[in-house]
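Down below is the structure, laid out as structure tokens.
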Amino acid sequence: MPDISPARPDDAESRSAYWEAVHDGKGVDAVSWWQSVPGLSLELVDAARLGTAEPILDVGAGWSTLVDHLVERGYRDLTAIDLSATALRTVRERLGPSGDQVVLQVADVLNLRLGKRFALWHDRAVFHFLTEPDERSDYLASMERSLRPDGFAVVATFGPDGPLTCSGLPIVRYTHLELAAQFSGYQLLSTSGEDHVTPWGSTQQFTAVLLRRVG
Numbered sequence: 166m167p168d169i170s171p172a173r174p175d176d177a178e179s180r181s182a183y184w185e186a187v188h189d190g191k192g193v194d195a196v197s198w199w200q201s202v203p204g205l206s207l208e209l210v211d212a213a214r215l216g217t218a219e220p221i222l223d224v225g226a227g228w229s230t231l232v233d234h235l236v237e238r239g240y241r242d243l244t245a246i247d248l249s250a251t252a253l254r255t256v257r258e259r260l261g262p263s264g265d266q267v268v269l270q271v272a273d274v275l276n277l278r279l280g281k282r283f284a285l286w287h288d289r290a291v292f293h294f295l296t297e298p299d300e301r302s303d304y305l306a307s308m309e310r311s312l313r314p315d316g317f318a319v320v321a322t323f324g325p326d327g328p329l330t331c332s333g334l335p336i337v338r339y340t341h342l343e344l345a346a347q348f349s350g351y352q353l354l355s356t357s358g359e360d361h362v363t364p365w366g367s368t369q370q371f372t373a374v375l376l377r378r379v380g
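Numbering (the working numbering), first residue to last: 166 to 380.
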């Protein structure tokens with residue numbers, strides 16, 4: 166399955182500092198994951214067929230434009246979290262008045278306690294950074310606290326032919342079935358993927374799943 170290399174931030178403080186440094190002082194096109202239109206994410210959110218009043222959570226949002234597009238589609242209860250305050254400030258400025266109701270919060274997905282249950286959990290490229298079993302366990306605990314019993318999860322990672330690292334950190338690559346198998350108590354509803362073209366023209370294979378919580 167994965168190809169993992171050693172050194173990496175392994176506590177909340179070092180993770181926060183790392184991702185703040187990734188975003189600070191850079192343009193959006195300086196990061197490999199940038200997309201003006203997050204087509205894969207929108208495809209799977211659409212497949213969940215949620216009403217526009219349903220609460221949606223985007224974890225590890227960074228500079229993602231997902232909330233922008235969901236606002237345009239009429240969704241009214243949106244929350245995005247990230248470890249980088251700089252990234253979230255950029256999103257706030259970009260959204261302008263149309264995004265006044267969007268909650269943008271600095272938070273760690275490995276210890277997430279928002280005091281609210283969501284109808285859909287969205288993660289594009291956070292889970293694949295979790296190279297240790299205890300990190301994946303903490304992530305799943307955060308998801309369980311945050312997601313309704315019948316809620317949906319959209320999770321995307323690098324696929325089996327994707328890069329071995331992202332933003333200088335080791336990652337875990339997954340096939341669709343390997344990724345779905347990480348989520349005990351969730352039903353696999355559909356799979357998808359894309360060959361994402363970075364701002365500098367290289368290609369990254371992404372694997373994505375739509376899950377529904379049943380446990």
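We put the CB at the ideal spot given by N, CA and C, even for glycine.
Take residue i as the anchor and find which of the options has the nearest alpha-carbon.
{"i": "Lys281", "options": "Glu219, Asp288, Glu258 and Phe294", "result": "Glu219"}
{"i": "Arg289", "options": "Arg378, Phe323 and Arg313", "result": "Phe323"}
{"i": "Leu353", "options": "Ala318, Ser332 and Ser367", "result": "Ala318"}
{"i": "Arg377", "options": "Glu359, Val320, Asp247 and Leu334", "result": "Val320"}
{"i": "Glu208", "options": "Leu231, Thr217 and Ala182", "result": "Leu231"}
{"i": "Leu312", "options": "His287, Gln270, Thr340 and Thr217", "result": "His287"}
{"i": "Thr340", "options": "Gly327, Gly366, Ser332 and Gly333", "result": "Gly327"}
{"i": "Gly204", "options": "Pro314, Gln347, Ser332 and Ser357", "result": "Ser357"}
{"i": "Val291", "options": "Phe283, Met308 and Leu279", "result": "Met308"}
{"i": "Glu237", "options": "Leu260, Leu334 and Val224", "result": "Leu260"}
{"i": "Gln369", "options": "Glu178, Trp184, Gln200 and Ala346", "result": "Gln200"}
{"i": "Ser355", "options": "Val202, Val210, Asp175 and Ala182", "result": "Val210"}
{"i": "Val224", "options": "Pro325, Leu269 and Ser367", "result": "Leu269"}
Given a threshold of 16 other Cβ atoms within 10 Å of its Cβ, counted over all protein chains shown, does residue i qualify as buried or as exposed?
{"i": "Arg180", "result": "buried"}
{"i": "Gly350", "result": "exposed"}
{"i": "Ser229", "result": "buried"}
{"i": "His361", "result": "buried"}
{"i": "Ser206", "result": "buried"}
{"i": "Thr217", "result": "exposed"}
{"i": "Val337", "result": "buried"}
{"i": "Asp247", "result": "buried"}
{"i": "Pro262", "result": "exposed"}
{"i": "Thr372", "result": "buried"}
{"i": "Asp265", "result": "exposed"}
{"i": "Asp315", "result": "exposed"}
Secondary structure at residue i, three-state DSSP: helix, strand or coil?
{"i": "Thr340", "result": "coil"}
{"i": "Ala290", "result": "coil"}
{"i": "Asp189", "result": "coil"}
{"i": "Arg377", "result": "strand"}
{"i": "Gly264", "result": "helix"}
{"i": "Thr363", "result": "coil"}
{"i": "Pro171", "result": "Residue placement at Pro171 is poorly supported in this model, since its pLDDT is 38, which falls under 50; the coordinates still yield a value, given next. Residue state, collapsed to three classes: coil."}
{"i": "Gly204", "result": "helix"}
{"i": "Val274", "result": "helix"}
{"i": "Arg259", "result": "helix"}
{"i": "Arg282", "result": "coil"}
{"i": "Thr251", "result": "helix"}
{"i": "Ser181", "result": "helix"}
{"i": "Ala212", "result": "helix"}
{"i": "Met166", "result": "Unreliable placement is indicated for Met166, whose pLDDT of 41 sits below 50; the coordinate value is still reported in the next sentence. Met166: coil per DSSP, three-state reduction."}
{"i": "Leu222", "result": "strand"}
Would you grab the beta carbon distance between residue i and residue j for me? Rounded to a whole angstrom, and I think it's under 8 Å.
{"i": "Ala226", "j": "Val256", "result": "7 Å"}
{"i": "Leu344", "j": "Ala212", "result": "In fact, because the Cβ distance is near 16 Å, the residues do not count as touching under 8 Å."}
{"i": "Phe283", "j": "Leu222", "result": "4 Å"}
Using 8 Å as the Cβ pair cut-off and three pairs as the minimum, do the stretch 269-281 and the stretch 304-317 touch? yes
Within the chosen definition, does the stretch 180-190 reach the stretch 243-254 through at least 3 CB pairs nearer than 8 Å? yes
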